[in-house]
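Chemist: Going from the sequence shown to our numbering is simple: count from 1 and add 44.
All C-beta atoms in this analysis are idealised placements derived from N, C-alpha and C, irrespective of residue type, glycine included.
These numbers come from a predicted model, not from an experiment.
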Amino acid sequence: MLDKASALREKFRFLEEQLSNPEIVGDLDKYKKLNREYKEMKELVDVFDEYEQIVRNTDHARELLGDPEMAEMAKEELEFCTTEKSRLEEKLKFMLIPVDEEDEKDVIFELRSGTGGDEASIFVGDLLKMYTKYFEVQGWTYEILYENPGTVGGYNKIVLEVSGEKVYGKLKFESGAHRVQRVPKTESQGRVHTSASTVVVMPKFEEQDIDIRKDDLRVDTFRSSGAGGQHVNKTESGVRFTHIPTGIVAESTDSRSQHKNREIAIQRLYMKIKDSIREKEQLSQKAARRSLVGTGDRSDKIRTYNYPQNRVTDHRINLTLYSLNKIVEGDLDEIIEALQLAENMEKLKAIDQIV
Numbered sequence: 045m046l047d048k049a050s051a052l053r054e055k056f057r058f059l060e061e062q063l064s065n066p067e068i069v070g071d072l073d074k075y076k077k078l079n080r081e082y083k084e085m086k087e088l089v090d091v092f093d094e095y096e097q098i099v100r101n102t103d104h105a106r107e108l109l110g111d112p113e114m115a116e117m118a119k120e121e122l123e124f125c126t127t128e129k130s131r132l133e134e135k136l137k138f139m140l141i142p143v144d145e146e147d148e149k150d151v152i153f154e155l156r157s158g159t160g161g162d163e164a165s166i167f168v169g170d171l172l173k174m175y176t177k178y179f180e181v182q183g184w185t186y187e188i189l190y191e192n193p194g195t196v197g198g199y200n201k202i203v204l205e206v207s208g209e210k211v212y213g214k215l216k217f218e219s220g221a222h223r224v225q226r227v228p229k230t231e232s233q234g235r236v237h238t239s240a241s242t243v244v245v246m247p248k249f250e251e252q253d254i255d256i257r258k259d260d261l262r263v264d265t266f267r268s269s270g271a272g273g274q275h276v277n278k279t280e281s282g283v284r285f286t287h288i289p290t291g292i293v294a295e296s297t298d299s300r301s302q303h304k305n306r307e308i309a310i311q312r313l314y315m316k317i318k319d320s321i322r323e324k325e326q327l328s329q330k331a332a333r334r335s336l337v338g339t340g341d342r343s344d345k346i347r348t349y350n351y352p353q354n355r356v357t358d359h360r361i362n363l364t365l366y367s368l369n370k371i372v373e374g375d376l377d378e379i380i381e382a383l384q385l386a387e388n389m390e391k392l393k394a395i396d397q398i399v
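Written out as structure tokens, the structure is:
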């Protein structure tokens with residue numbers, strides 16, 4: 045662990061030099077990339093520097109134990125250093141956990157009504173309000189790519205593009221089925237119903253992220269079906285991509301714009317290909333983490349929102365909070381941080397097994 049931290053510090057020093065290089069400063073894209081990497085490494089380097097200083101202080105305190113006049117003070121210093129050294133070692137261990145490359149990416153964020161009829165659509169509207177308030181707190185921006193309103197409120201389906209810092213790293217845990225237990229607005233006798241809506245979160249890949257040759261892609265356009273009025277009968281706005289070597293297919297009819305549908309479809313294709321690669325290369329790790337990072341499977345129940353009890357339960361980590369009123373207003377930090385911690389613990393277990 046300490047060797048890895050030392051190597052990263054050397055890389056940090058190298059980045060520091062590069063950021064003052066006139067050629068790098070003149071290349072805005074390269075400068076931004078290196079500067080982001082530099083900032084991400086700085087906290088770890090500062091902690092490692094602090095750790096090494098504690099080690100030096102520990103050695104010095106041990107030397108002073110043999111001096112009768114300094115022994116008492118040295119003993120107190122040694123006790124402090126021993127506690128601090130353990131704390132910093134734990135902190136370094138967590139900071140050295142490998143970060144998923146996708147965590148930095150923007151996302152395509154889909155909400156869709158499930159079982160429960162009109163109440164499920166209304167719940168999608170409530171989830172949308174919850175998430176967009178969370179986006180605003182995070183300083184993220186979002187754009188609605190497609191929306192299909194429900195008949196009595198909410199949405200049957202809505203698709204957003206969310207942009208900002210480390211968006212996928214926080215939202216990736218939201219994929220799956222979300223259940224709501226409450227008295228619906230459409231219920232006349234005051235009975236509690238259970239309805240469901242689903243969330244799918246896809247990291248927004250760029251073309252350079254996955255090596256796909258254009259010759260390996262077949263692109264088909266077609267007329268959409270479903271909501272959209274007369275428009276769907278006049279233009280071929282639907283887009284379908286087929287990756288010929290693997291046979292993987294992805295399509296989109298979410299937007300009335302063929303350009304937007306091309307973008308959504310290619311993102312879905314990238315995601316499917318990326319998942320296929322992961323299945324082959326990291327099968328055991330993927331299986332271990334499937335319980336936390338939602339697969340997008342609409343039967344993958346992850347969370348229940350119980351209004352009568354003001355309760356939210358995340359079933360993956362057995363977390364129950366009696367603060368539903370705050371959570372639906374976008375206060376998701378406690379849930380997301382608990383899921384991030386659980387994921388990091390799984391990564392640590394995987395690292396220990398390898399070692």
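#1: Counting only runs of 3+ residues fully inside the region 124–161, write out the beta strand (DSSP E) ranges in chain order.
#2: Using DSSP with H/G/I as helix, E/B as strand and the rest coil, what is T238?
#3: Rounded to the nearest angstrom, what separates N362 and H222 at their Cα positions?
#4: Tell me whether V245 sits in a helix, a strand or coil according to DSSP, three-state version.
#5: Go ahead and pull the three-state DSSP assignment for A386.
#6: Please say whether D298 and Y190 have beta carbons closer to each other than 7 Å?
#7: Give every residue of the same chain whose Cβ lies closer than 7 Å to the Cβ of Q182, excluding the five residues on either side of it in the sequence, and list them in chain order.
#8: Under the assumption that V151 contacts V243 (Cβ atoms under 8 Å), give the Cβ distance between them as a whole number of angstroms.
#9: G273 to A49, Cα distance in whole Å?
#10: Leaving out five residues before and five after V168 in sequence, what residues of the same chain have Cβ atoms less than 6 Å from its Cβ?
#11: Taking the alpha carbon of E81 as the point to measure from, which residue in M117, E121, N101 and V143 has its own alpha carbon closest?
#12: Give every residue of the same chain whose Cβ lies closer than 7 Å to the Cβ of I380, excluding the five residues on either side of it in the sequence, and list them in chain order.
#13: Helix, strand or coil: how does DSSP classify H222 here?
#14: With a Cβ-Cβ cutoff of 7 Å, do F289 and D260 count as a contact?
#15: CA-CA distance, E146 and S219?
#16: S130: buried (16+ other C-beta within 10 angstroms of its C-beta) or exposed?
#17: I think E295 touches R284, with their Cβ atoms under 8 Å apart; what is that distance to the nearest whole Å?
#18: On the DSSP bridge list, what partners appear for P193?
#19: Under 8 Å Cβ to Cβ from Y186, same chain only, skipping five residues before and after it: list those, please.
#20: Measure the CB-CB distance between Y351 and R226 and report whether it falls below 7 Å.
#21: By DSSP, does I288 sit in helix, in strand, or in coil?
#22: Would DSSP call I346 helix, strand or coil?
#23: With a cut-off of 8 Å on the beta carbons, I'd call I346 and K316 a contact; round off their distance for me.
#24: Beta-carbon within less than 8 Å of M174's beta-carbon, same chain only, minus the 5 sequence neighbours each way: which residues are those?
#25: Does the distance from the C-beta atom of F249 to that of Y314 stay below 7 Å?
#26: Once DSSP output is grouped into helix, strand and coil, what is the label at T297?
#27: State buried or exposed for K86, treating a residue as buried only when at least 16 other CB atoms are found within 10 Å of its CB.
#28: Under 7 Å, do I141 and K391 count as touching if we go by C-beta distance?
#29: Can you give me the start and stop residues for the beta strand (DSSP E) that R355 sits inside?
#30: Would the beta-carbon of E163 fall within 7 Å of that of S239?
#31: Name the two residues that bound the continuous beta strand (DSSP E) containing L365.
#32: Just verifying my parser: in three-state terms, what is the DSSP assignment at D375?
#33: Tell me which residues share the same chain as A331 and place their Cβ nearer than 8 Å to its Cβ, disregarding the 5 neighbours each side in the sequence.
#34: Output needed for A309: all residues of its chain with C-beta closer than 6 Å, excluding positions within five of it in sequence on either side, in chain order.
#35: Is the beta carbon of L88 less than 7 Å from the beta carbon of M139?
Modeler: Short version:
#1: 151–157
#2: As a first step, residue 238 is located in the sequence shown; it is residue number 194 there, counting from the start. DSSP places T238 in strand when its eight states are reduced to three.
#3: Taking the first residue of the sequence shown as 1, we reach residue 362 at position 318. Taking the first residue of the sequence shown as 1, we reach residue 222 at position 178. Roughly 15 Å separates the two Cα atoms.
#4: Reading the sequence shown from its first residue, position 201 is the one you call residue 245. Residue state, collapsed to three classes: strand.
#5: The count along the sequence shown starts at 1 and reaches residue 386 at position 342. Helix, per DSSP.
#6: Within the sequence shown, residue 190 is the residue found at index 146, counting from 1. Within the sequence shown, residue 298 is the residue found at index 254, counting from 1. Cβ atoms of Y190 and D298: closer than 7 Å.
#7: As a working note, residue 182 is residue 138 in the sequence shown. Excluding positions up to five away in sequence, the list reads G208.
#8: Working through the sequence shown from its first residue, we reach residue 151 at position 107. Working through the sequence shown from its first residue, we reach residue 243 at position 199. Not quite, the Cβ-Cβ distance comes to about 11 Å (not below 8 Å), so this is no contact.
#9: What you label residue 273 is simply residue 229 of the sequence shown in a count that begins at 1. What you label residue 49 is simply residue 5 of the sequence shown in a count that begins at 1. Here G273 scores only 42 on pLDDT, less than 50, and its place in the model is too uncertain to base an answer on.
#10: In the sequence shown, residue 168 corresponds to position 124, counting from 1. Excluding sequence neighbours, V168 sits near L155, S157, G198, Y199 and S241.
#11: By 1-based counting over the sequence shown, the position of residue 81 is 37. E81 has its Cα closest to that of V143, out of M117, E121, N101 and V143.
#12: Within the sequence shown, the letter at position 336 stands for residue 380. Hits under 7 Å: K214 and F217.
#13: Numbered from its first residue, the sequence shown carries residue 222 at position 178. In this structure, H222 counts as strand in the three-state DSSP scheme.
#14: Along the sequence shown, read from residue 1 onward, the residue named residue 289 stands at position 245. Along the sequence shown, read from residue 1 onward, the residue named residue 260 stands at position 216. Going by the sequence as given, residue 289 is Pro instead of Phe. In this structure, D260 lies closer than 7 Å to P289 by Cβ.
#15: Translated into the one-based positions of the sequence shown, residue 146 becomes position 102. Translated into the one-based positions of the sequence shown, residue 219 becomes position 175. Rounded to the nearest whole angstrom, the CA to CA distance from E146 to S219 is 15 Å.
#16: Reading the sequence shown from its first residue, position 86 is the one you call residue 130. Counting Cβ neighbours within 10 Å, S130 comes out exposed, since fewer than 16 surround it.
#17: Here residue 295 corresponds to residue number 251 of the sequence shown, with the count starting at 1. Here residue 284 corresponds to residue number 240 of the sequence shown, with the count starting at 1. Between R284 and E295 the Cβ distance is about 4 Å, and since that is below 8 Å, they are a contact.
#18: Sequence index remark: in the sequence shown, residue 193 carries index 149 (1-based). Y199.
#19: Taking the first residue of the sequence shown as 1, we reach residue 186 at position 142. These residues qualify, in order along the chain: F153, T176, F179, L204, E205, V206 and S207.
#20: Indexing the sequence shown from 1 puts residue 351 at position 307. Indexing the sequence shown from 1 puts residue 226 at position 182. In contact: Y351 and R226 (Cβ atoms closer than 7 Å).
#21: Position 244 of the sequence shown, counted from the start, is the residue given in the question as residue 288. In the structure shown, I288 sits in coil (DSSP, three-state: anything other than H, G, I, E or B).
#22: For the purposes of this step, residue 346 is taken as residue 302 along the sequence shown, with counting starting at 1. I346: strand per DSSP, three-state reduction.
#23: What you label residue 346 is simply residue 302 of the sequence shown in a count that begins at 1. What you label residue 316 is simply residue 272 of the sequence shown in a count that begins at 1. Contact between I346 and K316 fails: their C-beta atoms lie close to 21 Å from each other, not under 8 Å.
#24: As a first step, residue 174 must be located in the sequence shown, where it is residue number 130. Here the set comprises I371, V372, E373, G374 and L376.
#25: Stepping through the sequence shown from its first residue, residue 249 is reached at position 205. Stepping through the sequence shown from its first residue, residue 314 is reached at position 270. Going by C-beta atoms, F249 is nearer than 7 Å to Y314.
#26: Residue numbering aside, residue 297 sits at position 253 when the sequence shown is read from its first letter. Looking at T297 - three-state DSSP - the assignment turns out to be coil, as it is neither helix nor strand.
#27: On the sequence shown, position 42 is the one that residue 86 refers to. Burial call: exposed.
#28: What you label residue 141 is simply residue 97 of the sequence shown in a count that begins at 1. What you label residue 391 is simply residue 347 of the sequence shown in a count that begins at 1. Yes, Cβ-Cβ distance for I141 and K391 is below 7 Å.
#29: Here residue 355 refers to the residue found at position 311 when the sequence shown is read from its first residue. Bounds of the beta strand (DSSP E) holding R355 are R355 to D358.
#30: Counted from its first residue, the sequence shown places residue 163 at position 119. Counted from its first residue, the sequence shown places residue 239 at position 195. In contact: E163 and S239 (Cβ atoms closer than 7 Å).
#31: Here residue 365 refers to the residue found at position 321 when the sequence shown is read from its first residue. From DSSP, the beta strand (DSSP E) with L365 extends over L363 to L365.
#32: To locate residue 375, count along the sequence shown from 1; it is residue 331. Residue state, collapsed to three classes: coil.
#33: Sequence index remark: in the sequence shown, residue 331 carries index 287 (1-based). A caution first: A331 carries a pLDDT of 47, below 50, which makes its placement in the model too unreliable to give a value.
#34: Within the sequence shown, residue 309 is the residue found at index 265, counting from 1. Within the same chain, A309 has close Cβ partners V283, F285, A294, E295 and S296.
#35: Position 44 of the sequence shown, counted from the first residue, corresponds to residue 88. Position 95 of the sequence shown, counted from the first residue, corresponds to residue 139. Yes, these two residues count as a Cβ contact at 7 Å.
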